[in-house]
Every structure is written in structure tokens, then in C-alpha cells.
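To start, the structure itself, in C-alpha cells.
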Amino acid sequence: MIHDSPALFWDWMIGAYLFLGGISGGAYLTGAAADYLRQRSQSGGVPGFDRTDTKSRAYGLTALGGMVVSFAAISLGGLLLLFHLGEPLNAIELWLFTNIESWMAIGVWVIILFVVAALAQLAWLGFGRDGGFGLDLGPIDEIVDRTRPATDTRLALHIVGGALAVTLIVYTALLLSAVAPVVPLWHPILLPLLFLTSGISMGISATALVPTLLLGVDDTGVHEFSLADDAVILGEIGVLAALLWYLAGAGGTATASYELLTQTFMLEFWGFVVVVGLLLPLLISGTLILLHRRGTHVDGLVGRAAYGSKFGFVLIGGLFLRLSILYAALNVPIF
5 MIHDSPALFW DWMIGAYLFL GGISGGAYLT GAAADYLRQR SQSGGVPGFD
55 RTDTKSRAYG LTALGGMVVS FAAISLGGLL LLFHLGEPLN AIELWLFTNI
105 ESWMAIGVWV IILFVVAALA QLAWLGFGRD GGFGLDLGPI DEIVDRTRPA
155 TDTRLALHIV GGALAVTLIV YTALLLSAVA PVVPLWHPIL LPLLFLTSGI
205 SMGISATALV PTLLLGVDDT GVHEFSLADD AVILGEIGVL AALLWYLAGA
255 GGTATASYEL LTQTFMLEFW GFVVVVGLLL PLLISGTLIL LHRRGTHVDG
305 LVGRAAYGSK FGFVLIGGLF LRLSILYAAL NVPIF
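So for the sequence shown, the numbering used here puts the first residue at 5; every next one is plus one.
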């Protein structure tokens, strides 16, 4: 029996888009969390960065870094998606996409609204008076200051941005899982959960790299975000295990997909997804926690290298996860 693969009609751009979309949504959520923590850590809740408080400054840098990563990732991912479709100029007709029953149409509007939300928060955090970038842009700074809402209102807007971020991460899986009856690997429940946990983990890692590289790991919130990432990774392992269990026991095309994923793509899946992307980050984090409990404080270049490696491994694993999910998928034979 011959099984066709839907990946025959796609190239690397789709895998890269899924990767960047996951990072973008996860980075926004991480930046929003850091933004909230910064305001809590500041005395009086004054907007802008308190440069005399190390933890507050680090949270501010993380919040700004999250918005930069989020906006950059979705911008690049959107361009890849447009060029993959072959007619990038058709983007001017996006307003015609009104089919609310199509995840492709819904996704277009999610991307547009999310870009607006991420760009607004990026502008309010990075520019204007006391902006995190510290640039003097004259009229642009004036516009930003005039449009920036009160701190509580701006933080409340993260609820909308966060909802869009979660939808952005999940919608690609929902788009794929719409054909789950003929592509068993793209399970309608497990695939969205897998993309969600992986996207949040990648977003935390990409965002936490900013303070790790620029400020170090001592009293910068990096350890706390790393612990949050560990919890998400454990959830991701659980979802991935459930998906493998389903594929192995379902028979037919599902089992053929399982064998393709775990045998033909053994290096990509077991090597890069499982070992590099999931187990190594937990091993590094567990080692750092154990050293800390034994009184050994890891900071400086060693701390940056350790946490930086962990976050980098998560990103590598997230990329290979999406590529594996695409290229190991098989269609149920029509006849």
C-alpha cells in the first residue's frame, strides 16, 4: 500500500513559518509576563525602566526583548508564507478573506491583529520618553508618548495580545489537523497542544536569551524563566508521548506515520527533537539547580554559557519538531 505525503507539496518555508510563528506567540507571552513583573517590582509603578534596580531593569529588558523577538519573528514568518504561496502581491487582497469557517482565513486575521498588538507594545516599551531603546527620534517619540495609555490600561491590553498570541501558536496546528481524518499524525487535539507547549517553550527561550546575553544570569529573572520553561517542557513531553502512543496503536496509516517518524527520521526526531530539544535542556537545568542547592553559585560567563546553551537547544528542538511533523505525515490511501 502506497501512502502519499502532504509534504510533497510544501518546501522548507512552511516548516520555518511554523517555527517562527511559535516563537512569536511564545515570545509575546513571555514579554507580557516580564512586563507585568517589572511593574510589580517598581516602586510607584512609574512607566519606564528603573535603572537603579537590577531586577526591575532586567524584567524591562526582557519585556522589550520579548516584543522585539515577537514582532521580528512574525514579520519574517509572514514574508516566508507569502513567498511560499507564489503570489506575494495578493497580500493586498487580504481584506477579502472573510470565511470564518476556514482556519486559513482566520489565521490571516489573527496574524494581522497580532502584528498590530505586538507593534503597539513594542513602540510603547521601546520609544518615547524613558523608552527602553534610549533613542531620540523626535516626532516619533512624541507620537508614542501621546498614544501610550496609562500603565494599568497598557498591561490590560496584554490580555488581548496574549489571546492573539495563543491563537497564533495554535491556529497552524488547527489548520493542519482539519485534515486529520486522512492524515493521522495531525491529531485534532494532540497536535494543537503539542504546538502550544512547544511554542511557549521556544518563546521563553528566545526571550530569555536577551537578558542572559546582555545582563547575565545573576538577579535578572533568567533562572525564574528557565524554571517556567522546564515546566512547559515536561508538559510538551507528556503531549508528545501521548501522540506517539496513539500513532503506534492506531494501526494503518497512523502506525506507518509512527514508523516513518521514529525510524526513517530517527536522527531528526530522536536526536534533535527529543534529545537536543527536550532532554538536554532539562539536564542542564537540573544540573544548575543541583549545584545551587549544594551552594555552588553559577554566574558570569559559565552561567551565561549554560543558560544560553539550554535556550538554544530548545529552539533547535522546536524547529526539528515542526519539520518532523510535516515530513513524517502520511495520507490515508484513497483506494
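Note that beta-carbon positions come from the ideal geometry of N, C-alpha and C, so glycine has one too. Just so you know, these numbers come straight off a predicted model, no measurement behind them.
DSSP-derived helix/strand/coil call for residue i
| i | result |
| --- | --- |
| P192 | coil |
| L297 | The question names Leu, yet the displayed sequence has Arg at residue 297. R297: helix per DSSP, three-state reduction. |
| D140 | coil |
| Q43 | helix |
| F131 | coil |
| L334 | coil |
| T56 | For T56, the predicted model reports a pLDDT of 46, less than 50, meaning its position is unreliable; a value from the coordinates is still stated below. The answer is coil: DSSP assigns T56 none of H, G, I, E or B. |
| D15 | coil |
| G220 | coil |
| D156 | helix |
| G255 | coil |
| A67 | helix |
| V187 | coil |
| G304 | helix |
| A121 | helix |
| A246 | helix |
| G321 | helix |
| G225 | coil |
| F269 | coil |
| L310 | Going by the sequence as given, residue 310 is Ala instead of Leu. Helix, per DSSP. |
| L22 | helix |
| A182 | coil |
| V170 | helix |
| L327 | helix |
Euclidean distance between Cα positions of residue i and residue j
| i | j | result |
| --- | --- | --- |
| A154 | L195 | 39 Å |
| R44 | A124 | 21 Å |
| G256 | L189 | 12 Å |
| L323 | H301 | 32 Å |
| F4 | T268 | For residue 4 there is no data in the structure shown, the boundaries of the chain being 5 and 339. |
| F75 | F199 | 19 Å |
| M108 | I116 | 13 Å |
| E64 | Y175 | First, the residue type needs correcting, since residue 64 is Gly and not Glu in the sequence shown. Taking the straight line from one Cα to the other gives about 29 Å. |
| D343 | A38 | The first residue shown for the chain is 5 and the last is 339, placing residue 343 beyond what the model contains. |
| V336 | I329 | 16 Å |
| Q46 | G30 | 25 Å |
| T224 | T66 | 9 Å |
| R298 | G82 | 47 Å |
| L271 | G321 | 12 Å |
| L126 | T259 | 45 Å |
| L319 | V72 | 17 Å |
| F315 | V280 | 11 Å |
Distance between beta carbons of residue j and residue i, contact taken as under 8 Å
| i | j | result |
| --- | --- | --- |
| F118 | R326 | Not a contact, Cβ separation roughly 19 Å. |
| L33 | G130 | The pair is not a contact, with the Cβ atoms about 18 Å apart (cut-off 8 Å). |
| A310 | I288 | 6 Å |
| S205 | E240 | 6 Å |
| L283 | A332 | Actually they do not touch by this definition, with Cβ atoms about 20 Å apart. |
| Y262 | H191 | Wrong, their Cβ atoms sit about 12 Å apart, outside the cutoff. |
| G290 | V221 | The pair is not a contact, with the Cβ atoms about 16 Å apart (cut-off 8 Å). |
| L219 | A77 | Going by Cβ atoms, the distance from L219 to A77 rounds to 22 Å, so no, they are not a contact pair. |
| D145 | G135 | 7 Å |
| I173 | G26 | 5 Å |
| L197 | Y40 | Not a contact, Cβ separation roughly 25 Å. |
| D156 | R133 | The Cβ separation is near 18 Å, so there is no contact. |
| A121 | V170 | Between V170 and A121 the Cβ distance is about 12 Å, and since that is not below 8 Å, they are no contact. |
Contacting residues, own chain, Cβ-Cβ under 7 Å from residue i (five flanking each side not counted)
| i | result |
| --- | --- |
| A254 | P188 |
| L295 | V302 |
Cut-off 6 Å between Cβ atoms - residues of its own chain near residue i, not counting five sequence neighbours on either side
| i | result |
| --- | --- |
| H162 | A36 |
| V226 | A212, P215, T216 and Y311 |
| A20 | L84 |
Cβ-based neighbour list, residue i, same chain, cut-off 8 Å, excluding 5 preceding and 5 following
| i | result |
| --- | --- |
| L286 | D234, I237 and L238 |
| H185 | A quick correction: the sequence has Pro, not His, at residue 185. Taken in chain order, the residues that qualify are V336. |
| S79 | V119 |
| K59 | S45, D223, T224 and G225 |
CB contact below 9 Å: residue i versus chain B
| i | result |
| --- | --- |
| A36 | Absent here is chain B; the protein component of the structure consists of one chain. |
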